[in-house]
Amino acid sequence: MAPTVPLPALALVALVALVAPGLGVAPGCDRPAHHWCSSPETAVACQVESRCPNLPHPAAAPVELSLYFESLCPACREFLVMKLFPTWLLLPSEMLNITLVPYGNAQERNVSGKWDFQCQHGPEECLGNMIEACLMHEAKDFDTYFPVIFCLESGSSITKNLEAVCPLPPPSCPAVGTSLSLIPHRGATPECPVCPLSWQCLQIHAPELDRGRIAACVQGDTGMALMHRNAQLTEALDPPHQFVPWIVINGKHTDELQAQAEASLLGLVCSLYQGEKPEACGGSKAPKTLLGCR
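When the letters of the sequence shown are read in order and numbered with mature numbering (1 follows the signal peptide of the UniProt record, and there is no 0), they come out as residues -24 to -1, 1 to 270.
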């Protein structure tokens, strides 16, 4: 006589059929069916992840973007100001991680134990690169220094009259005294001084930073060491950079990724991110393609 199957066991089999039709019980699943979706670990063990839509998902890795650029390159400035900064503003911080390397097509040489730099757009560009490198070094926090760099790259000059002290004008002075005037010192008088653009940007976006420390970095050995490090990072690129801006996405540079980033950076980041997409990823228009500095 064939053994009889207890009614409770039949009920459990029926419950399994109702909850997860077509699924067999995985060998590592030792939990009852109504607990299969109780945790991500249990769902994995019971091989039912696709049937547990309300489970919390592990955070997706951010898209890593490294921008190799130089401070006075028109194409670099356009990419940073018109594409990179707006994309950063639109996306949550956990979605995009940006590294800035101001050096570009510069050349370095060791002269009597000290580093000497020659930049594509002249000494002013070398100074601009160093200002931005020192700003990043002193600020540490990307959310602090990126708006300042955006402001610097948006103006007509990054480097004019880099003084360590720039007093705020009295309240009676015209607003140009603290505005982002594209012409440094426009409208300045002894009674109403106008700060150089670099200090205006600092006062507006990161007033807590010590301008004296940044100036000391630019004028001292720390700035030279930072530029040497940026030279090493740039020279270590694989493949070697051919122009700037040179864009590396998730550790890779290809012609296709470069073109996609220049055409629609927001769309590229949204397509690469594996986590839940924010509203900003609903669509993006493709701006014109950039030309690089060679």
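In this text, a Cβ means the ideal position worked out from N, Cα and C, and glycines have one as well. What you are looking at is a predicted structure, and each value in this text was computed from that prediction instead of being measured.
For residue i, which residues of its own chain have a beta-carbon under 7 Å away from its beta-carbon, when the five flanking residues on both sides are left out?
i	result
I190	C110, L111 and E114
N81	E46, Q96, V220 and C269
L209	V77
F118	I74
L66	L242 and A256
From residue i to residue j, what distance separates their C-alpha atoms?
i	j	result
P254	D92	45 Å
K90	V57	33 Å
K59	Q94	28 Å
G249	A36	Position check: residue 249 holds Tyr in this sequence, whereas Gly was assumed. Those two C-alpha atoms are separated by around 7 Å.
Q179	C13	53 Å
H10	F61	48 Å
S26	R7	17 Å
P215	L233	13 Å
residue 294	P68	As shown, the chain starts at -24 and ends at 270. That puts residue 294 outside it, with no answer to give.
D186	Y121	12 Å
H217	R53	17 Å
P183	W175	9 Å
A51	N86	29 Å
R205	K116	16 Å
P34	T63	24 Å
Q195	M106	9 Å
I223	D231	10 Å
If you drop the 5 nearest sequence neighbours on each side, which residues of the same chain put their C-beta closer than 6 Å to that of residue i?
i	result
L76	L43
P123	H181
C257	C246
S130	V57
N226	E40
G251	A36
H229	none
C28	C13 and A19
Within this structure, are the beta carbons of residue i and residue j separated by less than 8 Å?
i	j	result
C127	C177	yes
M200	Y79	no
A207	E84	yes
I134	G104	yes
D125	E108	Checking the sequence, you will find Ile at residue 125 rather than Asp. Yes, the pair counts as a contact, with Cβ atoms nearer than the cut-off.
P32	P16	yes
Within the same chain, show all residues whose beta-carbon is closer than 8 Å to that of residue i, passing over the 5 residues directly before and after it, in chain order.
i	result
D197	none
N30	C13
Would you say residue i faces chain C, with C-beta separation under 8 Å as the test?
i	result
P254	No chain C is present in this structure, which holds just one protein chain.
For the ligand MG, is there any heavy atom lying closer than 7 Å to the beta carbon of residue i?
i	result
E40	You won't find the ligand MG in this model; it holds no ligand whatsoever.
Validate contact between the segment 229 to 242 and the segment 190 to 208 using beta carbons, cut 8 Å, 3 pairs = no
message = Whether or not the segment 70 to 78 and the segment 35 to 50 are in contact is what I'm after, with contact meaning three or more pairs of Cβ atoms, one per stretch, closer than 8 Å; do they touch?
response = yes
request  = Taking 8 Å as the threshold, find out whether the segment 19 to 28 comes into contact with the segment 242 to 256 through three or more Cβ pairs.
outcome  = no
task = Can you check the segment 41 to 101 for any alpha helix (DSSP H) of at least 4 residues that lies completely inside it and give the ranges in chain order?
result = 50 to 55 and 61 to 66
Completely contained beta strand (DSSP E) runs for the segment 165 to 246, where each covers 3 or more residues = 222 to 225
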